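Accompanying notes for the structure given below.
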Amino acid sequence: MKIFKINEKDNVAVAIENLHIGEIVEDITLSQDIPMGHKIALIDIKKGEKVIKYGYPIGSAKEDIKKGNHIHTHNLKSDVAGKLTYNYQPKLTEIAKTEHKTFWGYERENGDVGIRNEVWIIPTVGCVNSVVKAIENGSKQFKTDTIDGIFSYNHPYGCSQLGGDMENTLKYLSGLINHPNAGAVLVVGLGCENGNIGELKKYLGKTDNKRVKFLIAQQEENEIEKGIELVKELCEYASKFERTKQDTSKLKIGLKCGGSDGFSGITANSLVGSFSDMLIGKGGSTVLTEVPEMFGAETILMNRCRTSELFEKTVDLINNFKGYFMKYGEKTDENPSPGNKEGGITTIADKSLGCVQKGGSAVVEDVLSYAEPIKKQGLSLLQAPGNDLVASNALAVSGCHLVLFTTGRGTPFGCPVPTIKISSNTPLYNKKKTWIDFNAGRLLDGEDIKDEFFDFVLDVCSGKQTKSELLDKTELAIFKDGVTL
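In the working numbering, the protein residues as written are 539 to 1023.
Shown next as structure tokens:
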């Protein structure tokens, strides 16, 4: 197989390998070279006609396109518009309930379950980033066999922010502090910042003083010594937790893609979509984000909403994000990055139709605002941008235990929760084995790897380290939109 047609309605196929002019592929004589992952016209397409992939339009032909031609930015234009009016036409697929599985997790005193038992040191403001790092370095001695790690985090925010930006920071930090992967947390403030500990507590809610402790640096003669003393107490508390058998219904998994290519929607995103349906069938929950990468595919998600009220929330999710783009004079149809385009993705609809494959076929049960905690079992949509770091962090602070991150280009980044990197193609997996955890490119060889992948994720939930955990995960990325004083 040298080309792959995704849907019977498609008038394009994807090249599985580099194809060359004059080559005959399934009765099509190639009139141009077709790079791996790029699109080939299966029929003649006239100027102005729709190019169909995944069974949906991904744009219109800029010129007449002959059968066997390469289709990309030179002859395909985006049709994604600004804010639109939508009609609710529900198409609900109920996921069949299946026998639950188990993993080894940490049950918390409030009934939550974590997949890591780490001690976190979190700054309220960037001014104390060096302090929390020094506290971490001085506290490594307190790690025990039941503590998976002691980590300090850093970010540049927490002061001189106005309106929604300050609120986003406080909501974000609250979600991180409350995350069940943290057995214990030290929160370090400066004392004079806008987002001081007093303001943070308004968002944080009630905390257990054995699990969460607070330090205001300006009030201490030696804040580092005091911080190390507090972390020692927190480690004594966290070390009491041990892994016990837990049901898959407790799992909350984030779904994210980045550095996509022409195979992402066929292999990696499709595999993650199958995982999402399988987990939901076993009582678990998944969260799909990257709102700009829903543009052009949004009606698929809208019509999967459980109720008309959720449909309206999804309409607002899409149109408000388009309004965010338009407020800054940006177009809503120019999302694909240079790496996306090099990998074969041409338009935002091309990218989005592949992106939403990660959500499987389940009904949408909830729509969450940025940093809002997951509340319902099943599939939720989350407000966040497409940026890899910001979106993955958003999934973490909403309560996802880990992030399934698909990629056709590769990336080494990590976020506060384990991030499983899934390659869309085998060459990437073979080249970047220090980055990639699982190869979905095997699907192109006809392998059935769904059960293997599901079990792999459960192994990570039970303690198997991801490649990103072996690098660095301590740089926080918080969604910012506004004025910094």
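From the three backbone atoms N, C-alpha and C, an ideal C-beta is built for every residue, glycine too. These figures come from a predicted structure and were not determined experimentally.
Asp904 - containing beta strand (DSSP E), residue span: 902-906
Just list the residues that DSSP pairs Thr745 with in beta bridges. According to DSSP, which records beta bridges pairwise, Thr745 is partnered with nothing at all.
Judging by CA-CA distance, which residue of Leu1014, Asn857, Leu1009, Gly867 is the nearest neighbour of Asn925? Leu1014
Check whether the segment 560-570 touches the segment 598-612, taking contact to mean three or more Cβ pairs, one atom from each stretch, closer than 8 angstroms. The segment 560-570 is in contact with the segment 598-612.
How many angstroms separate the CA atom of Leu996 from the CA atom of Asn760? 43 angstroms
Would Asp602 and Lys591 be called neighbours here (beta carbons separated by less than 8 angstroms)? no
Within the continuous beta strand (DSSP E) that includes Phe801, where are the two ends? Looking at the DSSP string, Phe801 is not in any beta strand (DSSP E), and its letter there is neither H nor E.
Taking the CB atoms as reference points, tell me whether Ile958 and Leu940 lie closer together than 8 angstroms. Going by beta carbons, Ile958 and Leu940 fall inside the 8 angstroms limit.
Whole-angstrom distance between Gly861 and Ser658, CA atom to CA atom: Before going further, note that residue 658 is Trp rather than Ser in the sequence given. Those two C-alpha atoms are separated by around 36 angstroms.
Rounded Cβ spacing between Glu632 and Val901 (contact assumed at less than 8 angstroms): About 7 angstroms separates the two Cβ atoms, so the contact holds.
Going by Cα to Cα distance, which pick from Phe943, Asn706, Met539, Pro628 is closest to Tyr908? Asn706
Given a cut-off of 8 angstroms, decide if Asp703 and Lys1018 are closer than it, judged by their beta-carbon atoms. Yes, Cβ-Cβ distance for Lys1018 and Asp703 is below 8 angstroms.
Between the segment 965-981 and the segment 821-832, can you find at least three pairs of beta-carbon atoms closer than 8 angstroms? Segment contact: the segment 821-832 against the segment 965-981, fewer than three CB-CB distances shorter than 8 angstroms; contact not assigned.
Cβ contact (3+ pairs, closer than 8 angstroms) linking the segment 649-664 and the segment 681-696: yes
Just how far apart, CA to CA, sit Phe994 and Gly1001? 11 angstroms
7 angstroms Cβ shell around Lys615 - same chain, five flanking residues per side excluded: Gly597, Ser598, Lys600
Taking 8 angstroms as the cut-off, decide whether the C-beta atoms of Lys879 and Thr944 are in contact. no
Residue of Gly822, Glu903, Ser890 minimising C-alpha distance to Thr852: Glu903
Per-residue burial, Pro718 [other beta carbons within 10 Å of its own, 16 or more giving buried]: buried
DSSP bridge partner residues for Val941 (one or two, in chain order): Gly792, Thr957
Touching by the beta-carbon criterion (3+ pairs, under 8 angstroms), the segment 771-791 and the segment 739-756: Yes, the segment 771-791 touches the segment 739-756.
Span separating the alpha-carbon of Leu793 from that of Gly811: 9 angstroms
Does the distance from the CB of Lys820 to the CB of Thr786 come in under 8 angstroms? yes
Quick check: Ile856 and Glu836, are their CB atoms within less than 8 angstroms of each other? yes
If we count the other Cβ atoms within 10 Å of its Cβ and call it buried at 16 or more, is Asn648 buried or exposed? exposed
Helix, strand or coil: how does DSSP classify Leu919 here? strand
Check Phe542 in the structure and name its three-state DSSP category. strand
From what residue to what residue does the beta strand (DSSP E) around Glu1033 run? Because residue 1033 is not part of the residues shown, which for the chain are 539 to 1023, the question remains open.
I'd like to know whether the C-beta atoms of Gly881 and Gly822 end up nearer to each other than 8 angstroms. no
What are the uninterrupted segments assigned as alpha helix (DSSP H) that are 4 or more residues long and contained completely in the segment 667-696, given in chain order? 667-677
The alpha helix (DSSP H) with Ile838 in it runs from where to where? 836-840
Unbroken beta strand (DSSP E) run spanning Asp785, endpoints: 782-785
Looking at the C-beta of His638, does it have a partner C-beta in chain B at a distance below 8 angstroms? In the displayed structure, chain B is absent; only one protein chain is listed.
Below 8 angstroms on the Cβ atoms is my contact criterion, and I expect Ser798 with Gly892 to pass it. Report the Cβ-Cβ distance as a whole number of Å. 6 angstroms
Within the continuous alpha helix (DSSP H) that includes Thr964, where are the two ends? 964-969
Beta-carbon spacing of Ser961, Ala806 below 8 angstroms: It is a contact, given that the beta carbons lie within the stated cut-off.
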